[in-house]
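*Asks:* Got a structure for you, written out below as structure tokens; questions coming shortly.
In my numbering, the protein residues as written are 3 to 168.
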């Protein structure tokens with residue numbers, strides 16, 4: 003059996019490794035080769051969480067509305083930093099500022115999810131549901147290779163919660 007929380011944490015580890023690779027990258031070509039797939043993965047991951055995971059958290063979590071509101075706001079900050087990086091030449095001071103804003107927000111967001119959100123969900127969701135959501139998670143990635151069909155737009159947290167609450 004798979005577990006949605008484990009798949010989310012697998013992505014989190016990939017993000018940590020990706021940001022660490024940026025530390026070692028030299029020159030615009032290497033930076034671009036590391037950053038572009040990392041930024042795309044961050045964008046797809048946020049969309050996957052918003053499509054598969056957070057609607058279920060809203061049905062089962064102890065502090066689900068606050069946790070979801072915070073996550074959507076974090077995802078918006080990540081999207082905004084990624085978009086800001088796209089506006090600048092790779093390796094420029096402005097590009098690095100946007101990438102570091104993304105990295106800091108990512109570190110903050112992962113910590114909140116791993117310390118609060120995922121444990122909350124594990125306490126309140128059955129193993130069978132977590133397995134079902136893992137299947138939906140993998141299907142989401144398969145249905146959107148390289149982000150195909152996804153818009154990566156900011157979402158209004160309150161509206162998202164209203165639309166996805168039971």
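The beta carbon of each residue, even a glycine, is placed where N, CA and C say it ideally should be. These figures come from a predicted structure and were not determined experimentally.
Exposed or buried, what is residue 57 when buried is set at 16 or more other beta-carbons lying within 10 Å of its beta-carbon?
*Replies:* As a working mapping, residue 57 is identified with position 55 in the chain shown. That one is buried.
*Asks:* Considering only C-alpha positions, which residue in the set 55, 38 and 62 is nearest to residue 134?
*Replies:* For the purposes of this step, residue 134 is identified with residue 132 of the chain shown, where counting begins at 1. When each option's Cα is compared against that of residue 134, the closest is 55.
*Asks:* Report the three-state DSSP secondary structure of residue 25 (helix, strand or coil).
*Replies:* Taking the first residue of the chain shown as 1, we reach residue 25 at position 23. Reduced to three states, the DSSP call for residue 25 is helix.
*Asks:* Under a Cβ-count criterion, where at least 16 other Cβ atoms within 10 Å of its own Cβ denotes burial, should residue 130 be classed as buried or exposed?
*Replies:* In the chain shown, the residue the question calls residue 130 occupies position 128. Classification of residue 130: exposed, given that the 10 Å Cβ count is below 16.
*Asks:* Using only the alpha-carbon positions, how far apart do residue 87 and residue 104 sit?
*Replies:* Within the chain shown, residue 87 is the residue found at index 85, counting from 1. Within the chain shown, residue 104 is the residue found at index 102, counting from 1. Using only the alpha carbons, I get a separation of about 9 Å.
*Asks:* Please classify residue 141 as buried or exposed, where buried requires at least 16 other C-beta atoms within 10 Å of its C-beta.
*Replies:* In the chain shown, residue 141 corresponds to position 139, counting from 1. Residue 141 should be labelled exposed.
*Asks:* Which class does residue 152 belong to by DSSP, given the choice of helix, strand or coil?
*Replies:* Sequence index remark: in the chain shown, residue 152 carries index 150 (1-based). In the structure shown, residue 152 sits in coil (DSSP, three-state: anything other than H, G, I, E or B).
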